[in-house]
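Input: a single structure, listed below in structure tokens.
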Amino acid sequence: MALLNTMKTLQFALVGAAALALSGPVAGQADGSEAGFRGYLQLVAARARAEGVRESTIAVMIDGLSINPRVVQLDRSQPGSNPGVIPAFEPYRRKHVDASRIARGRRQYAAAPDQIARIAQQYGVPAPILLAIWGHETDYGGYTGDFDLARSLATLAYEGRRRDLFEDEFIAAMKMVDRGVPRSRLVGSWAGAFGNPQFLPSVYLRVAKDGDGDGFADIWTSRADTLASIANYFRDAGWRTGQPWGVAVSVPDGLDRKALGTTLRSPRCERVFERHSGWKSMREWRALGIVPRSGTLPPDDVMASLLEPDGQGRTAYLLTGNYRVILDYNCSNFYALSVGLLADEISR
């Protein structure tokens with residue numbers, strides 16, 4: 028009983044020290060000291076313990092960690108949104124839908140066509156879309172990051188700007204190790220994403236799949252596991268089999284754009300739909316004089332919104348519900364458009 032009381036006293040002392048370390052002039056923002064950081068790690072350890080993470084895993088993940096000032100610098104230097112400036116999409120498209128990335132995507136497909144076709148059929152997501160995500164995220168595994176994830180996630184959680192997010196991800200990373208992922212695999216971007224598809228730890232736990240049947244969801248070195256995991260993400264996010272992501276279109280000069288507006292807002296990305304029109308069927312868009320740049324429009328009953336990323340007179344896009352699934356992966360219109368366009372090029 029005495030030992031138990033001593034342990035409780037120590038625990039309360041650690042919690043109190045961490046709470047003091049985390050208090051400061053700005054609520055929720057850490058003081059940046061290593062002493063405060065170590066106190067905070069004890070709070071995280073207690074939470075991980077309560078969620079069933081093994082003591083040996085907690086030690087492996089926490090022992091020897093220190094604040095990474097580079098991660099704090101990168102996080103604080105992220106550009107804010109500027110409602111007065113709308114960048115052009117075309118330069119972004121040229122950079123991300125380039126000949127080299129298209130060719131490498133086609134080579135990946137040619138290297139294992141049966142395996143990739145099987146995964147696409149199993150999950151109902153087209154192979155070119157899966158390859159385009161992989162190509163866009165890490166250039167097909169060419170660069171996946173070199174930051175220690177435990178250190179990055181702990182630093183970002185302690186820093187406090189987005190503590191809830193990154194503390195959850197740090198705990199999720201511990202659970203990954205608890206379930207057999209080697210600690211050495213936890214290397215990735217400064218913001219905690221890793222592997223070929225750049226998943227966060229919580230996403231890995233939720234959707235990662237073993238696509239080659241070896242018993243381990245290896246999104247670091249396995250093509251099959253990488254694509255199966257991306258496909259599982261897309262299926263969970265609501266991908267509609269047989270429906271395109273969108274189509275490039277031309278817009279007639281007299282189109283009344285003010286009558287097409289929408290009040291739709293994304294709960295995760297407040298401004299992502301600001302330049303989208305409201306939903307209309309392809310039949311309605313056709314009646315308004317919208318015509319495809321090549322080929323034909325999807326079936327009449329498919330719903331879509333209109334986006335003109337570079338303004339009137341330039342290429343516009345009719346975007347279906349599957350485009351919103353790409354946005355769920357990364358809620359940026361430029362990202363989602365370039366993924367769709369890269370997929371189209373890979374499939375040619």
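The sequence shown runs 28 to 375 under my numbering. Ideal Cβ positions, reconstructed from N, Cα and C, are used throughout, including at glycine. Being a predicted model, the structure only gives us computed values, none of them experimental.
Sorted by chain position, which residues of the same chain lie with C-beta nearer than 8 Å to Asp-191's C-beta, five sequence neighbours on each side aside? none
Coil, strand or helix - Pro-224 by DSSP: coil
State the Cα-Cα distance for the pair Pro-271 and Leu-68, rounded to the nearest angstrom. 46 Å
Minimum length 3: unbroken beta strand (DSSP E) runs contained in the stretch 250-316: 273-277
Pro-326, DSSP secondary structure in three states: coil
6 Å CB neighbourhood of Ala-370 in its chain, flanking five on each side removed: Pro-155, Ile-156, Ala-159
What three-state label does DSSP hand Ser-374 in the structure shown? helix
Go ahead and label Pro-118 buried or exposed: buried means 16 or more other beta carbons lie within 10 angstroms of its beta carbon, across all protein chains shown. exposed
Which value, in whole angstroms, describes the spacing of the CA atoms of Gly-168 and Asp-283? 45 Å
For the candidate residues Thr-347, Ile-89, Val-98, Gly-63, whose alpha-carbon lies nearest to that of Gly-219? Val-98
Under 6 Å Cβ to Cβ from Leu-291, same chain only, skipping five residues before and after it: list those, please. Phe-300
Using C-beta distances below 8 Å, list every residue in its chain close to Ile-89, excluding the 5 sequence neighbours before and after it, in chain order. Leu-68, Val-71, Ala-72, Ala-177, Ala-181
Assumed close pair Asp-327, Ser-304 - CB separation to whole angstroms, cut-off 8 Å: No, Asp-327 and Ser-304 are not in contact; Cβ-Cβ is about 18 Å, not under 8 Å.
Is Pro-114 helix, strand or coil when you go by DSSP? coil
Given this structure, state the Cα-to-Cα distance separating Ala-200 from Gly-91, to the nearest angstrom. 16 Å
If I follow the unbroken beta strand (DSSP E) through Tyr-344, where does it start and stop? 343-346
What residue from Arg-121, Trp-266, Ala-126 has the CA that sits closest to Leu-354's CA? Trp-266
Supposed close pair Ser-256, Pro-224 - CB separation, criterion 8 Å: 6 Å
Can you say whether Gly-187 is buried or exposed, counting buried as having 16 or more other CB atoms within 10 angstroms of its CB? buried
Do you know offhand how far Arg-128's Cα is from Ala-363's? 16 Å
If you follow the alpha helix (DSSP H) that Glu-164 is in, where does it begin and where does it stop? 154-165
Residue environment, Pro-336, which counts as buried when at least 16 other CB atoms sit within 10 Å: buried
Output needed for Val-234: all residues of its chain with C-beta closer than 7 Å, excluding positions within five of it in sequence on either side, in chain order. Ser-256, Asn-259, Tyr-260, Asp-263
Could you spell out the range, first to last residue, of the alpha helix (DSSP H) harbouring Val-204? 190-205
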